[in-house]
Amino acid sequence: MSTQNTFLKELDERSSDNLFTLQSHILAEQSKHPGSTGTFSWILSAMSLSAKVIASKLRRARLDDVLGALGTDNVQGERQQKLDVIANETLLRCLGRRKGVAIVASEENEEPILLRDNAEAEGGYCVLFDPLDGSSNLDVCGGVGTIFSILQHPSPAATADEAMLQPGSRQLVAGYILFGSSTVFVLTTGNGVSMFVLDPMIGAFLRVENDLRIPSKGKIYSLNEGNRPTFPEGYQRYLDWAQHNGYSSRYAGAMVADVHRTLLKGGVFLYPPTAKAPNGKLRLMYEANPMAFLVEQAGGKAFAGKERLLDVQPKTLHQRTTVILGSPEEVDHVLRHL
1496 MSTQNTFLKE
1506 LDERSSDNLF
1516 TLQSHILAEQ
1526 SKHPGSTGTF
1536 SWILSAMSLS
1546 AKVIASKLRR
1556 ARLDDVLGAL
1566 GTDNVQGERQ
1576 QKLDVIANET
1586 LLRCLGRRKG
1596 VAIVASEENE
1606 EPILLRDNAE
1616 AEGGYCVLFD
1626 PLDGSSNLDV
1636 CGGVGTIFSI
1646 LQHPSPAATA
1656 DEAMLQPGSR
1666 QLVAGYILFG
1676 SSTVFVLTTG
1686 NGVSMFVLDP
1696 MIGAFLRVEN
1706 DLRIPSKGKI
1716 YSLNEGNRPT
1726 FPEGYQRYLD
1736 WAQHNGYSSR
1746 YAGAMVADVH
1756 RTLLKGGVFL
1766 YPPTAKAPNG
1776 KLRLMYEANP
1786 MAFLVEQAGG
1796 KAFAGKERLL
1806 DVQPKTLHQR
1816 TTVILGSPEE
1826 VDHVLRHL
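Last residue of the sequence shown: 1833 (this note's numbering), numbering continuous.
In structure tokens:
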């Protein structure tokens, strides 16, 4: 007589259908922690729901006339796109209904939003996100994405800022959703990196990669070379070296798209200091830390200058940083030139 596990394995081998969903993955991770209450899984399901809603809005953006700028600037001083606001409100609504979420912070909002009082916050979580990275690509159907990070709320007595301003090494979960030719959800819970693709026919994210590993090297660099004249000398030396050694340049103008390609193909993603952004342009809490956690979990490296990104102690919620991340050998090449 076949055991249940043998029976299911035989069924899987006979079928070409992939039925291992994001929800199955989350529950499998939850089962590794016997004392788990399920709150964490409930929060991740909110991210999954948000991703499906945002993907649907993006597909109809031209038809619904929600492309283009809104006419206002966000807290970063950047012109808001209509879909920035739609994506932000979608995430806030979905996460706001999850009891385990104590505080949320968005790149689009100046202050964090306290969803639960101190008593309710105990044992809860803080969620940070960039609702729509690369939104200026929307008018030309370029890749865009959502980046998120989850932290443990440290204490019911902590202020919102104290709860949020934790180094990236304390992240429990990080992920991104890439909205492109398909909708891709990439996730780490600190136990490797998994990748899921949304099947629109059944409305579920299906796992296509488990324990995703970044190639150890790849002769591709990704950065905005239009800013090269104002890069520090070390970065200029690296670019001279890379071009002399036959490297290719790839740059999509959205961190999610560029990091996704780097994870799959290898190479290095950089955002050096410039004259306009001497401390870097990318947000430490909303963009750099989640991506650094993912890349490290996939076997890569991530630095802010010569400091490991996940060790940087944030001082403000919207703090900016330089970024060097990607294949370990390629990151080392950059660091040797700085």
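Backbone N, C-alpha and C fix where the C-beta goes; we use that ideal spot for every residue, glycine too.
So A1550 and L1693 are in contact, right, with Cβ under 8 angstroms, and what is the actual spacing, rounded? As a working note, residue 1550 is residue 55 in the sequence shown. As a working note, residue 1693 is residue 198 in the sequence shown. About 6 angstroms separates the two Cβ atoms, so the contact holds.
Can you give me the C-alpha to C-alpha distance between A1797 and P1823, rounded to a whole angstrom? Numbered from 1 along the sequence shown, position 302 holds the residue referred to as residue 1797. Numbered from 1 along the sequence shown, position 328 holds the residue referred to as residue 1823. Taking the straight line joining both Cα atoms gives about 9 angstroms.
Spell out a yes or no on whether the stretch 1818-1832 and the stretch 1708-1723 are touching, meaning 3 or more CB-CB pairs, one atom from each, closer than 8 angstroms. By the criterion of at least three beta-carbon pairs nearer than 8 angstroms, the stretch 1818-1832 is in contact with the stretch 1708-1723.
Reducing DSSP to helix, strand and coil, say where T1585 ends up. As a working note, residue 1585 is residue 90 in the sequence shown. In the structure shown, T1585 sits in a helix (DSSP, three-state: H, G or I).
Looking at C-alpha atoms only, which residue of A1597, H1832 and N1705 is the closest neighbour of Q1792? For this step, residue 1792 is matched to residue 297 along the sequence shown. When each option's Cα is compared against that of Q1792, the closest is N1705.
Would you list, in sequence order, the uninterrupted beta strand (DSSP E) runs of no fewer than 3 residues that lie entirely inside the stretch 1743-1813? 1763-1766 and 1796-1799
Helix, strand or coil: how does DSSP classify T1516 here? In the sequence shown, residue 1516 corresponds to position 21, counting from 1. Looking at T1516 - three-state DSSP - the assignment turns out to be strand.
Beta-carbon proximity list for D1827, same chain, < 6 angstroms, skipping 5 on both sides: Position 332 of the sequence shown, counted from the start, is the residue given in the question as residue 1827. Once the five neighbours on either side are set aside, D1827 has no close Cβ partner at all.
With 16 other CB atoms within 10 Å as the buried threshold, where does N1784 fall? Locating residue 1784 in the sequence shown gives position 289, counting from the first residue. That one is buried.
How big is the Cα-Cα spacing for L1682 and S1689? Translated into the one-based positions of the sequence shown, residue 1682 becomes position 187. Translated into the one-based positions of the sequence shown, residue 1689 becomes position 194. Using only the alpha carbons, I get a separation of about 5 angstroms.
Determine the closest residue to G1857 out of K1776, T1641 and L1539, with distance taken between C-alpha atoms. A question about residue 1857 goes unanswered here, because the residues of the chain that appear run from 1496 up to 1833.
Check the Cβ-Cβ distances between H1828 and every residue of chain D, and say whether any is below 7 angstroms. The question asks about chain D, but that chain is absent: this structure has only one protein chain.
Give the range of the beta strand (DSSP E) segment to which A1669 is assigned. Looking up residue 1669 in the sequence shown gives position 174. Taken as a continuous stretch (DSSP letters only), the beta strand (DSSP E) holding A1669 covers V1668 to F1674.
Within its chain, find whatever has a CB closer than 7 angstroms to the CB of S1664; leave out the 5 residues flanking it on each side and keep chain order. Position 169 of the sequence shown holds residue 1664. Taken in chain order, the residues that qualify are L1805 and D1806.
Label M1750 either buried or exposed according to how many other C-beta atoms from any shown protein chain fall within 10 Å of its C-beta, with 16 as the threshold for buried. Within the sequence shown, residue 1750 is the residue found at index 255, counting from 1. That one is buried.
Return the chain-ordered ranges of every alpha helix (DSSP H) run that is complete within the stretch 1673-1752 and spans a minimum of 4 residues. 1728-1739
Measure the alpha-carbon distance for D1579 versus L1633 and round it to whole angstroms. For the purposes of this step, residue 1579 is taken as residue 84 along the sequence shown, with counting starting at 1. For the purposes of this step, residue 1633 is taken as residue 138 along the sequence shown, with counting starting at 1. In a straight line, the C-alpha of D1579 is about 10 angstroms away from that of L1633.
Could you tell me which of K1801, H1739 and V1754 sits nearest to Y1746, measuring between CA atoms? Your numbering for residue 1746 matches position 251 in the sequence shown. Considering only alpha carbons, the answer is V1754.
Could you give the DSSP three-state label for I1645: helix, strand or coil? Counting from 1 along the sequence shown, the entry for residue 1645 is found at position 150. Reduced to three states, the DSSP call for I1645 is strand.
Exposure of L1514, with buried meaning 16 or more beta-carbon neighbours within 10 Å: The residue you call residue 1514 lines up with position 19 of the sequence shown. Classification of L1514: exposed, given that the 10 Å Cβ count is below 16.
Distance between G1638 and A1582 (C-alpha atoms, nearest Å): For the purposes of this step, residue 1582 is taken as the residue at position 87 of the sequence shown. For the purposes of this step, residue 1638 is taken as the residue at position 143 of the sequence shown. Cα to Cα, A1582 sits roughly 15 angstroms from G1638.
Between which two residues does the alpha helix (DSSP H) harbouring L1627 extend? Reading the sequence shown from its first residue, position 132 is the one you call residue 1627. First-last for L1627: Y1620 to D1628, but that is the beta strand (DSSP E), not the alpha helix (DSSP H).
Exposure of G1698, with buried meaning 16 or more beta-carbon neighbours within 10 Å: Here residue 1698 is taken as the residue at index 203 of the sequence shown, counted from 1. Counting Cβ neighbours within 10 Å, G1698 comes out exposed, since fewer than 16 surround it.
In chain order, what residues of the same chain have a beta carbon less than 6 angstroms from the beta carbon of Q1814, not counting five sequence neighbours either side? Here residue 1814 is taken as the residue at index 319 of the sequence shown, counted from 1. Here the set comprises L1779.
Does the structure place the stretch 1716-1729 close enough to the stretch 1759-1774 that three or more beta carbon pairs sit under 8 angstroms? yes
Over what stretch of residues does the alpha helix (DSSP H) that includes A1546 continue unbroken? Numbered from 1 along the sequence shown, position 51 holds the residue referred to as residue 1546. T1534 to R1554 is the extent of the alpha helix (DSSP H) around A1546.
Determine which residues share a DSSP beta bridge with V1894 and list them. Given a span of 1496 to 1833 for the chain in the structure shown, any question on residue 1894 remains unanswerable.
For Q1661, three-class secondary structure by DSSP: For the purposes of this step, residue 1661 is taken as the residue at position 166 of the sequence shown. Q1661: coil per DSSP, three-state reduction.
Write down the C-beta distance between L1789 and S1717 rounded to the nearest angstrom, noting that I regard them as a contact closer than 8 angstroms. Counting from 1 along the sequence shown, the entry for residue 1789 is found at position 294. Counting from 1 along the sequence shown, the entry for residue 1717 is found at position 222. Not confirmed; about 15 angstroms, so no contact.
Can P1662 and Q1525 be called in contact, C-beta distance under 7 angstroms? Counted from its first residue, the sequence shown places residue 1662 at position 167. Counted from its first residue, the sequence shown places residue 1525 at position 30. The answer is no: Cβ separation not under 7 angstroms.
Cutting at 6 angstroms between CB atoms, please list the residues of its own chain near E1802, excluding the five before and the five after it. Residue mapping note: residue 1802 aligns to position 307 of the sequence shown, counting from 1. Counting only Cβ-Cβ distances below 6 angstroms, and skipping sequence neighbours, we find nothing.
Whose C-alpha, out of A1600, D1560, F1624 and E1606, is nearest the C-alpha of M1786? Residue 1786 sits at position 291 when you count from the first residue of the sequence shown. Per the Cα distances, F1624.
Tell me whether the beta-carbon of H1648 lies closer than 7 angstroms to the beta-carbon of A1597. Residue mapping note: residue 1648 aligns to position 153 of the sequence shown, counting from 1. Residue mapping note: residue 1597 aligns to position 102 of the sequence shown, counting from 1. Cβ atoms of H1648 and A1597: closer than 7 angstroms.
Given that a residue counts as buried once 16 or more other Cβ atoms are within 10 Å of its Cβ, and exposed if not, what is C1589? Here residue 1589 is taken as the residue at index 94 of the sequence shown, counted from 1. Classification of C1589: buried, given that the 10 Å Cβ count is 16 or more.
Assuming L1820 is part of the beta strand (DSSP E), what are its boundary residues? Position 325 of the sequence shown holds residue 1820. Taken as a continuous stretch (DSSP letters only), the beta strand (DSSP E) holding L1820 covers V1818 to G1821.
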